[in-house]
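The opening position of the sequence shown corresponds to residue 1 in full-length UniProt numbering, with each subsequent residue numbered one higher. Glycine included, each C-beta is placed from N, C-alpha and C at the ideal position.
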Amino acid sequence: MPDRRTVLLGGCLGLFGAAAGAVRLRPGTDIGFDPASVLPQQVDDWRAVAPEEVILPSPDQLTDRVYDEMAIKAFVHPDQPPITLVMAYGRRQDYTFQLHRPEICYVASGFEVLDVQEQDLPIAASPVPGNIMLAERGSRREAVLYWTRIGEVFAQSLWEQRLAVARGVSRWRVDEGVLLRLSMPATGYDSAIPVLSDFARRLIALSGPRGRQVLLGQT
1 MPDRRTVLLG GCLGLFGAAA GAVRLRPGTD IGFDPASVLP QQVDDWRAVA PEEVILPSPD
61 QLTDRVYDEM AIKAFVHPDQ PPITLVMAYG RRQDYTFQLH RPEICYVASG FEVLDVQEQD
121 LPIAASPVPG NIMLAERGSR REAVLYWTRI GEVFAQSLWE QRLAVARGVS RWRVDEGVLL
181 RLSMPATGYD SAIPVLSDFA RRLIALSGPR GRQVLLGQT
């Protein structure tokens, strides 16, 4: 079962908005987000279960609207440690916003980030620009695989993410943003990243056209 202490959400995956001054920006493509219709309940031998405990920000930090656009699942396997999936989707009509990146929010949650790398993830027909990370808190160590998409841009760093938002603003528009994060207990990359990559690949395949549109921006 998922570790009660480490189903992290908190400051990790919130979506925050900052007013765009007196300028009214037009929205980018709004694809909507319905976790029930996008994410499968089973991925091969992995079966979805409800996480035992989720640490969430206080109500004054995230709006109800953001909660409605977030999916949290734990997947269990008879022969593997559990995988925790967190998916956040945000759309704004009048604000610029950014996804909180795991390499930053894990630190805020008391973890030490041991390593973070930019990688082209082999999870779709074309590699998806993303990241892998190793983080530790006490005796707990996690391997993390994730990608962030703002409109058509896959941002692998905070700088790229801010640049993607700025480019949207320069076109008088605000694009949607998606963060997909997979994590599992692991001592290192070698034992976990191939498992997480294979899980992500199958998740995308089983999500169908609608899932690929949300996860990858593909129509």
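Q) Tell me the DSSP bridge mates of residue 84? A) 74, 183
Q: State whether the segment 154-164 contacts the segment 179-186, with contact taken as three or more CB pairs (one from each stretch) at a distance under 8 angstroms.
A: no
Q | Proximity to residue 131 [Cα-Cα], best of 149, 137, 43, 78 | A | 149
**Q.** For residue 78 and residue 47, the rounded distance between their alpha carbons
**A.** 9 angstroms
Q: Compute the beta-carbon to beta-carbon distance between residue 38 and residue 211, rounded to the nearest angstrom, for a pair I have assumed lies under 8 angstroms.
A: 5 angstroms
Q. Residue 129 lies in the beta strand (DSSP E); which residues open and close that run?
A. 128-137
Q: Quick one: using the 10 Å Cβ neighbour count with 16 as the cut-off for buried, is residue 104 buried or exposed?
A: exposed
Q: Check each candidate in 112, 205, 102, 153 and name the one with the smallest Cα separation from residue 144.
A: 102
Q) If we count Cβ pairs, one from each stretch, closer than 8 angstroms, do we get three or more for the segment 113-127 versus the segment 72-87? A) no
Q: Could you check which residue in 137, 166, 198, 156 has the C-alpha nearest to that of residue 124?
A: 198
Q) Beta carbon of residue 147, beta carbon of residue 114: below 8 angstroms? A) no
Q: Could you spell out where the beta strand (DSSP E) holding residue 150 opens and where it closes?
A: 140-150
Q. Using the C-alpha atoms, what's the distance from residue 87 back to residue 65?
A. For residue 65, the predicted structure reports a pLDDT of 46, less than 50, and the residue's modelled location is therefore unreliable. A value from the coordinates is still provided. Cα-Cα distance, rounded: 14 angstroms.
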